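Inspection log for the structure reproduced underneath, given as structure tokens.
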Amino acid sequence: MAELTVCPVEELPPGAMKLVHAGEIAVGIYNIDGEYFALEDRCSHDDGPLVEGDWEPDRAVVICPRHGATFDIRSGRALTLPAYLPVETFPVRVVDGLVKVDVT
Ligand code: FES
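Numbering (numbering that gives the first Met the number 0), first residue to last: 0 to 103.
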């Protein structure tokens, strides 16, 4: 298991996202209404830098900056074309006030 410390909880309030790198992969950690979710920063359509796109905390949706596909941040599910496959998600937990993501 490769668990990465993202940051203290104070640095990732509701409505915020933080991008972290774990070896070859990049992961975006989102705080949506106090719940944390992590998505790989790689669009399933054409490997674009997904989490660097705009996102809507109210709908928990991220928009790929390359061709505009949208994904459900909670599940990684593709919501609109041109993407149709889900993106990788990772478990997030809080330990002693630190946000951690398991990238295995
Ligand atoms: S790379 Fe994301 S929609 Fe094309």
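For every residue, glycine included, the Cβ atom is placed at its ideal position computed from N, Cα and C.
Keep in mind the model is a prediction, meaning the values are calculated, not measured.
With at least 16 other beta carbons inside 10 angstroms of its own, Gly27 counts as buried. In this structure, the C-beta of Pro85 stays at least 6 angstroms away from each heavy atom of ligand 1. Within its own chain, the residues whose Cβ lies closer than 7 angstroms to the Cβ of Ile24, once the five positions on either side in sequence are excluded, are Glu39 and Val102, listed in chain order. Listed as beta-bridge partners of Glu39 by DSSP are Val26. Selection Val93, Leu78 and Asp32 evaluated against Cys42 yields Leu78 as nearest (Cα-Cα).
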